[in-house]
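Residue numbers (the working numbering): 1 to 82.
Glycine included, C-beta positions come from ideal geometry on N, C-alpha and C.
Listed below in structure tokens is the structure:
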């Protein structure tokens, strides 16, 4: 017999760059432990991607190459400027 207990928690992810708070995301997560793990993983990737993009945007041109996200999380290299 398998039990799937529903759990609810508030997750807060804070991102600091060079000691300065860049972004904070707070979200209520619920479901089974497996569902919560998947939701938290997706949330952490989303926040990390936003923080990385913000840090790249803060660099004045010329910037190093940065891989853009494609649909469904795939990435590809950005074209080089000539």
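Secondary-structure assignment with DSSP links residue 17 through a beta bridge to 20.
With distances taken between CA atoms, residue 10 lies nearest to 24 out of 20, 16 and 24. Annotation for residue 33: 7 place their beta carbon closer than 7 Å to its own, counting only its chain and skipping 5 residues before and after. When C-alpha distances from residue 21 are compared across 41, 39 and 48, the shortest belongs to 48. For residue 39, the uninterrupted alpha helix (DSSP H) run begins and ends at 33-57, by DSSP.
Here residue 29 is actually not in contact with residue 13; their C-beta atoms are around 11 Å apart, not less than 8 Å.
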